[in-house]
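These protein sequence lines are chains R and P, in that order. Per the numbering used here, the very first residue in the first sequence carries number 1; after that it's consecutive. Per the numbering used here, the very first residue in the second sequence carries number 1; after that it's consecutive.
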Amino acid sequence: MDEIRTQDIVNLEDTDADELKRFLAEQNISLKPNELVRIRELFGRDPTHVELHIFNIMWSEHCSYKSSRAVLKKYLPTTGPNVVLGPGEDAGVVRFCTWNGKDYCLVMAHESHNHPSQVLPVEGAATGIGGIVRDVYCMGADVIGVMDPLRFGDPEGRHTKRVRDIVRGVVDGIAQYGNALGVPNYGGDTYFDASYDDNCLVNVVALGIVAEEDVIRSRAPDAARSERYDIILVGKPTDASGFGGAAFASERLSGDEEKERQEAVQVPDPFLKRVLTEATKVVLAEAKTRGVSIGFKDLGAGGISCAVSEMAHAGGVGAELDLDCVVKSPDTLPPEIIACSETQERYALFVPSDFTPVVLKTYNDDFELPHIYSGAGAYVIGRVTRDMRFRLRHRSHLVCDAHVDVITTGIEYERESRARQPNLGASEKTPPVKPTVRKALLELLSSVNIADKSILFQHYDSEVQGRAVLRPGEADAAVAVFLPGHPVGIAAGIGGSSQVAAVDPYLGGLWAVCEAVRNVACVGGRVLAVTDCLNYGDPEQPEVFWEFSEGVRGIGDACRGLEISKSGKHGIPVISGNVSFYNQSEKGQPIAPTPIVAAAGRVDDVSICQNLGFKKPGSKLVLLGEFHDSMGGSEYARLFLGGVAQRPPVPDLKRESSIIRTLVAGLESRVILAAHDISHGGMLVTLAEMMLGSKPFGTGCTIDLKNTPMGEASRERALFTEFGGIVVEIDAKGWADFQTTLDQNNTPWHALGETTGDCSLSVRWNGGELDVSVEDLDTAYRSAGELNRLFA
Amino acid sequence: MTTQNGHVIVIQFPGVNCEYETVRALESVGLRARIARWNARPEVLRDAAAIVLPGGFSYQDRIRAGVVAAKDQIMDSVLEAASRGVPVMGICNGAQILVEAGAVPGYQTGAIDLALAPNDMPDRSGYYCTWVRLKKGPASCIFTAFFDGMQDDAGTIPIPLAHAEGRFVTASHMVSEKLGSNEGVALLYATTDGRTAESFPDNPNGSVFGIAGVTNPGGNVLALMPHPERATWLHQVPRRVGGRWAKTRESARAESLFTPGPGRGFFESLRKGLAQ
Numbered sequence: 001m002d003e004i005r006t007q008d009i010v011n012l013e014d015t016d017a018d019e020l021k022r023f024l025a026e027q028n029i030s031l032k033p034n035e036l037v038r039i040r041e042l043f044g045r046d047p048t049h050v051e052l053h054i055f056n057i058m059w060s061e062h063c064s065y066k067s068s069r070a071v072l073k074k075y076l077p078t079t080g081p082n083v084v085l086g087p088g089e090d091a092g093v094v095r096f097c098t099w100n101g102k103d104y105c106l107v108m109a110h111e112s113h114n115h116p117s118q119v120l121p122v123e124g125a126a127t128g129i130g131g132i133v134r135d136v137y138c139m140g141a142d143v144i145g146v147m148d149p150l151r152f153g154d155p156e157g158r159h160t161k162r163v164r165d166i167v168r169g170v171v172d173g174i175a176q177y178g179n180a181l182g183v184p185n186y187g188g189d190t191y192f193d194a195s196y197d198d199n200c201l202v203n204v205v206a207l208g209i210v211a212e213e214d215v216i217r218s219r220a221p222d223a224a225r226s227e228r229y230d231i232i233l234v235g236k237p238t239d240a241s242g243f244g245g246a247a248f249a250s251e252r253l254s255g256d257e258e259k260e261r262q263e264a265v266q267v268p269d270p271f272l273k274r275v276l277t278e279a280t281k282v283v284l285a286e287a288k289t290r291g292v293s294i295g296f297k298d299l300g301a302g303g304i305s306c307a308v309s310e311m312a313h314a315g316g317v318g319a320e321l322d323l324d325c326v327v328k329s330p331d332t333l334p335p336e337i338i339a340c341s342e343t344q345e346r347y348a349l350f351v352p353s354d355f356t357p358v359v360l361k362t363y364n365d366d367f368e369l370p371h372i373y374s375g376a377g378a379y380v381i382g383r384v385t386r387d388m389r390f391r392l393r394h395r396s397h398l399v400c401d402a403h404v405d406v407i408t409t410g411i412e413y414e415r416e417s418r419a420r421q422p423n424l425g426a427s428e429k430t431p432p433v434k435p436t437v438r439k440a441l442l443e444l445l446s447s448v449n450i451a452d453k454s455i456l457f458q459h460y461d462s463e464v465q466g467r468a469v470l471r472p473g474e475a476d477a478a479v480a481v482f483l484p485g486h487p488v489g490i491a492a493g494i495g496g497s498s499q500v501a502a503v504d505p506y507l508g509g510l511w512a513v514c515e516a517v518r519n520v521a522c523v524g525g526r527v528l529a530v531t532d533c534l535n536y537g538d539p540e541q542p543e544v545f546w547e548f549s550e551g552v553r554g555i556g557d558a559c560r561g562l563e564i565s566k567s568g569k570h571g572i573p574v575i576s577g578n579v580s581f582y583n584q585s586e587k588g589q590p591i592a593p594t595p596i597v598a599a600a601g602r603v604d605d606v607s608i609c610q611n612l613g614f615k616k617p618g619s620k621l622v623l624l625g626e627f628h629d630s631m632g633g634s635e636y637a638r639l640f641l642g643g644v645a646q647r648p649p650v651p652d653l654k655r656e657s658s659i660i661r662t663l664v665a666g667l668e669s670r671v672i673l674a675a676h677d678i679s680h681g682g683m684l685v686t687l688a689e690m691m692l693g694s695k696p697f698g699t700g701c702t703i704d705l706k707n708t709p710m711g712e713a714s715r716e717r718a719l720f721t722e723f724g725g726i727v728v729e730i731d732a733k734g735w736a737d738f739q740t741t742l743d744q745n746n747t748p749w750h751a752l753g754e755t756t757g758d759c760s761l762s763v764r765w766n767g768g769e770l771d772v773s774v775e776d777l778d779t780a781y782r783s784a785g786e787l788n789r790l791f792a
Numbered sequence: 001m002t003t004q005n006g007h008v009i010v011i012q013f014p015g016v017n018c019e020y021e022t023v024r025a026l027e028s029v030g031l032r033a034r035i036a037r038w039n040a041r042p043e044v045l046r047d048a049a050a051i052v053l054p055g056g057f058s059y060q061d062r063i064r065a066g067v068v069a070a071k072d073q074i075m076d077s078v079l080e081a082a083s084r085g086v087p088v089m090g091i092c093n094g095a096q097i098l099v100e101a102g103a104v105p106g107y108q109t110g111a112i113d114l115a116l117a118p119n120d121m122p123d124r125s126g127y128y129c130t131w132v133r134l135k136k137g138p139a140s141c142i143f144t145a146f147f148d149g150m151q152d153d154a155g156t157i158p159i160p161l162a163h164a165e166g167r168f169v170t171a172s173h174m175v176s177e178k179l180g181s182n183e184g185v186a187l188l189y190a191t192t193d194g195r196t197a198e199s200f201p202d203n204p205n206g207s208v209f210g211i212a213g214v215t216n217p218g219g220n221v222l223a224l225m226p227h228p229e230r231a232t233w234l235h236q237v238p239r240r241v242g243g244r245w246a247k248t249r250e251s252a253r254a255e256s257l258f259t260p261g262p263g264r265g266f267f268e269s270l271r272k273g274l275a276q
């Protein structure tokens, strides 16, 4: 009875190579021959079907970080005085504020759902949100917001229709899930580039809040080593959806396969998640009241097997599960699917047996899961054992039996890395007709990467929970009240330019951090932690692996080098993140390297958070930062010069830190009335956006660059270079004092001009001038904005 | 101050998601509020001072928004309380439920005279989240008394909304005529200068006659699509709404962040109405 049957075993040794290959392909198993050998060694025997499927997922790039782990470990700082939990758990946790004697933490998770969103945009994006919020919920936290950094193909390019369908589908999926779940969406960023034509990027960030004393670990509690503990599965009935999802995320996409791989995309259900979340709150509160220790983990990649074996392993216990006790749809599912499917909206709980009835009653009777959703509910599927073995039974037969150490054994590769020669110094193409500054500005404003994105954000509920202070599009970062009734706010911003990373992958990483931190600083936030999502091509290609390593090195250097805390002493910890490889075109061309960083900061008093618009006439306009004469990676270059592979400016981290500290201090003392960084489109676009942001009050500006370094460069460079400075509006009353502060801190700055009461943008430089009315800017940015056409 | 038993009951149908901020908004004016699950015993409503159906996606919007919850057993008790004059407010999905249950406009007892149809917007469709302006309609109700005598911003307030089906419609001539002659019209979408909003974006969903909220003949039931609980504190007001509220927000300090926002009036009016 307690023996594995021969028919359940996969005979790895005696099967000939071709037949084995066929078998593995049939089963969608992507384990490599050397990995099969290793599995055999670990078990000391041939594995069962179920065991093979478990390893297929556990050793996928997505779960095992087999190519990336060493690099991440080498470069990223992950600790700091406020870090409660760094990478390794489902989400990172950092101390945020104290209120009424309680310490509250910010919980942050960041993932990609790129391949599923390419294949089935609505479901792929929705389950992206579904998965990332589970990572935060399972720490015992409440989710207070999500953001999505999105990268799509060229909507006017080779695959116009498909790209547009994906854009609409992804936005729809994000909206459907988050809106119904009741989690506000605070935006993120959205860019378009031909490099994503066959492989969009849908990254998702979730932010949560938890009292430090209420943080729950995804592990069997210590008490499980001496007391009787049950293992409960709660949520949606297990089905075949998402089977092999993690492995799918770790493969190359090819056009023919996309259809076949749709089954690997999970099916979202925010309704069930909402009810589950409400019921779970009651269960966790009850456990706390009774002083019961429980383990709680979401089911993501690898489903039941991964979640339960990892919890058991982390707690130093074993687990025995009866797959027949799992509620299934249909009931005939084979054991490997029951064990590994990635059906959404499920959690596993380890609870003392005498607490089990409370858990079952809460989910099944009080919240009526089986009644409101066919097949849903909480059921005991097994128990904790003390022999450290992970056993699965199906129809009374043992189908998996291994030490938990074996099941959770990692795998690691040392990938070859080879520098790609950057194509620097390529001559700029002279545009057939050089656009006038006016035409260039208006075309940039209406271009898809810059134009108003409110049509996109308005699909999302950014008001639910009532925390909003600055919503998507209102400023460079979103701000929400952390605890209702308390003036402290969380500011969250995104950074990541593939245009920079394509020219220099190291700078891409460095810039992503600087941009995210700068965005948060523009609303008065001091960054406490960042997360990263590293989107690259095939790590088995040495050039791609080099791009990846360089990106991580850049992120690490920036996080260590930026000293922006009040004391100015520590860098910024990376508390969670994700690596997404195998993002490439159908022809095997890797996407432009895309490291994306999310930064979360603290604003002590959110009353200082204003939108990016000019506030009143007669204020000083000042550029914080130094001008760099480089068109590398700019939108202007993309639109008018056929792209320029010029090295983008290298940020000086000491200076950058000083700018950020001065900026935040200026906002806190309310001498800075508005701040907006110079990014996509350059300084003129920044000024135009600040002017448009002053609506409905209507404030313009007059700018004179003649006595600045910008006045010396050729005009496009000055006006459209994306050098990363920050334009600030300074209250005229406080200008004299602030000037002293700038000089004392050695913060580089240049006076630009002042705000005016008439609604136009007037700029003068050596050899030219420009006057544009707010109406013309508004038409370009809003009604003629190319994004609108994608949704019409 | 309020009625003897005192609690405002916020009903949590499966899938609603605004219950907590709704409770906070009620508490912000000194009312006592409590969440009751859909399967709570009917007695919990017996002594309710008032009832609020919060926003969200009750029963997943299966069939259409609000219709399943409208047939939930607890709604019998809600309607019974409404018939006794207990104040009942449905916000967003709660409004959809009240409409589907025939609680408003109540021209004919028990009849479902209105529907909330998918938004009708130029060049876009689906869910729409934004801020609009609201003014009081001709029909009075307990929740809208705060509008009386309001001078600022031409008698309008800024308020957020977020929905895919918020367009009040009817197929009945009788109902259309009554609405046209202002019976039951409690709230209207407005322009910044105080006129009734006729077209997008001031009228955000194409609602007939610009209607944003409907009351019953007794004036104790209100179904409104915008979310007053998301405009209950000053920090929630975005600058782009302009007018008095944007100015007040701009000069806010830490201590004024949680002073009343433009939507607080709905809850304040309820408190005053209950105290009378």
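All C-beta atoms, glycine included, are put in the ideal place defined by N, C-alpha and C.
Could you confirm whether any beta carbon from chain P is found closer than 8 Å to the beta carbon of N100(R)? no
With 16 other CB atoms within 10 Å as the buried threshold, where does V481(R) fall? buried
Kindly list, in the order they appear in chain R, the residues whose Cβ is closer than 7 Å to that of G56(P). G182
Using a C-beta cutoff of 8 Å, does Q60(P) count as contacting chain R? yes
Taking 8 Å as the threshold (C-beta atoms), are G300(R) and E263(R) in contact? no
Hey, out of R661(R), D771(R), F723(R), whose CA is closest to T747(R)'s CA? R661(R)
Looking at the C-beta of G126(P), does it have a partner C-beta in chain R at a distance below 8 Å? yes
Helix, strand or coil: which one does DSSP assign to D135(R)? helix
Could you round the C-beta distance between P617(R) and G632(R) to whole angstroms and report it? I think they count as a contact, below 8 Å. Going by Cβ atoms, the distance from P617(R) to G632(R) rounds to 36 Å, so no, they are not a contact pair.
Cβ atoms of I596(R) and D532(R): under 8 Å apart, would you say? yes
Please compile the residues from chain P whose C-beta is within a distance smaller than 8 Å of the C-beta of S607(R). H235, A252, R253, A254, S256, L257
6 Å Cβ shell around V234(R) - same chain, five flanking residues per side excluded: Y347, Y363, A378
Please name the residue in F96(R), P268(R), T408(R) whose C-alpha comes closest to that of G178(R). P268(R)
Extent of the continuous beta strand (DSSP E) run through F296(R): 295 to 298
Under the rule that 16 or more other beta-carbon atoms within 10 Å means buried, what is M691(R), buried or exposed? buried
To the nearest angstrom, how far is the alpha carbon of C92(P) from that of A162(P)? 8 Å
Any idea what DSSP makes of L12(R), helix, strand or coil? coil
At a cut of 8 Å, does the region 476 to 492 of chain R reach the region 521 to 540 of chain R through at least three beta carbon pairs? yes
In whole angstroms, what is the alpha-carbon distance linking L639(R) and E769(R)? 22 Å
Residue burial classification, P237(R) (beta-carbon count within 10 angstroms, cutoff 16): buried
Following the continuous alpha helix (DSSP H) through G56(R), name the residue where it begins and the one where it ends. According to the sequence shown, residue 56(R) is Asn rather than Gly. Note, N56(R): alpha helix (DSSP H), 49 to 58.
What residue range does the alpha helix (DSSP H) around E806(R) cover? It is not possible to answer for residue 806(R), since the shown part of chain R is limited to 1 through 792.
Neighbourhood of F738(R) by C-beta, 7 Å cutoff - its chain only, sequence neighbours within 5 removed: G666, V671, I730
Give the interface partners of G15(P) over in chain R, defined as CB-CB distance under 8 Å, in chain order. A180, F271, R274, V275
So, at 6 Å on beta carbons, what are the nonlocal neighbours of E416(R) in its own chain, with the 5 sequence-adjacent residues on each side left out? P542
Chain R partners of D123(P), CB-CB under 8 Å? N788, F791, A792
Rounded to a whole number of angstroms, what is the C-alpha to C-alpha distance between D193(P) and D153(P)? 7 Å
Let me know if D239(R) comes out buried or exposed under the rule of 16 or more other beta-carbons within 10 Å of its beta-carbon. buried
Within the chosen definition, does the region 219 to 231 of chain R reach the region 299 to 313 of chain R through at least 3 CB pairs nearer than 8 Å? yes
Interface partners of H459(R) on chain P, CB under 7 Å: G126, Y127
Suppose you measure from the CA of V603(R) to the CA of L12(R); what does that come to, to the nearest Å? 58 Å
Beta-ladder partner(s) of K620(R), from DSSP: I730(R), E754(R)
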